[in-house]
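Taking my numbering, the leading residue of the sequence shown gets 159, the next gets one more, and so forth.
All C-beta atoms in this analysis are idealised placements derived from N, C-alpha and C, irrespective of residue type, glycine included.
All values derive from a computational prediction rather than experimental measurement.
For reference, the structure discussed in these notes is given below.
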Amino acid sequence: MVMRMWARGTAMGAMALVSVAAGGASAQSSGTLMTDPREIAACLCLNQSVQRVEGTVTAARALYEALKKSVADQDAALNAKRPTVDTNDPSAVEAFRLQMEKRDDDQNRVEQDAYPALQSKIAAYNAKVADYGQRCGGRYMDEPVLKSVQKNLVCTLEP
Numbered sequence: 159m160v161m162r163m164w165a166r167g168t169a170m171g172a173m174a175l176v177s178v179a180a181g182g183a184s185a186q187s188s189g190t191l192m193t194d195p196r197e198i199a200a201c202l203c204l205n206q207s208v209q210r211v212e213g214t215v216t217a218a219r220a221l222y223e224a225l226k227k228s229v230a231d232q233d234a235a236l237n238a239k240r241p242t243v244d245t246n247d248p249s250a251v252e253a254f255r256l257q258m259e260k261r262d263d264d265q266n267r268v269e270q271d272a273y274p275a276l277q278s279k280i281a282a283y284n285a286k287v288a289d290y291g292q293r294c295g296g297r298y299m300d301e302p303v304l305k306s307v308q309k310n311l312v313c314t315l316e317p
């Protein structure tokens, strides 16, 4: 049996996958077989790197979505409160103004911080997946060599 690794596109970019291909000889005919332990280790480590970067995209997306929801909730609250603000009461006007400032600050965080950070993480992820696809995509790993490599695999962290 041969281990097959490839890259596949998703809505966000792409995602590295590992799948077991049955039928050794027929599976090998559609790709090249990797038998070099260093090459197999490099692909396994690159796959781990893709997964690590995917985690940063997930975290950045969660922050972006949470900030967007907060802004939408604040908009709804402000729109509901606006008609009831007593414009003759300076403290009520000031409280409303402060709520609007907080909403504006949060909207600026979405536009100037969270969205660009998410875009940057997605770009890094896509680049990592493209690298994986170029170096390892559509190639098969010799299973005995793969098992041997997995036992002692140590991937160094990237800067």
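1. Restricting to runs no shorter than 4 residues, where is the alpha helix (DSSP H) found entirely within the segment 258-291?
2. Give me the DSSP bridge partner(s) of residue 219.
3. Assess contact between the segment 283-303 and the segment 187-207, defined as three or more Cβ pairs (one per stretch) separated by less than 8 Å. Is contact present?
4. What whole-angstrom Cβ distance do residue 273 and residue 211 have, given they're in contact under 8 Å?
5. What is the residue span of the beta strand (DSSP E) that residue 191 lies within?
6. List the endpoints of the continuous beta strand (DSSP E) containing residue 300.
7. If we count the other Cβ atoms within 10 Å of its Cβ and call it buried at 16 or more, is residue 276 buried or exposed?
8. Nearest to residue 310 by CA position, among 191, 223, 192, 199, is which residue?
9. Given that a residue counts as buried once 16 or more other Cβ atoms are within 10 Å of its Cβ, and exposed if not, what is residue 256?
10. Under the three-state reduction of DSSP, which class applies to residue 314: helix, strand or coil?
Well, looking at it:
1. none
2. Residue 219 pairs with nothing; no bridge assigned.
3. yes
4. Actually they do not touch by this definition, with Cβ atoms about 18 Å apart.
5. 190-192
6. 297-300
7. buried
8. 199
9. exposed
10. coil
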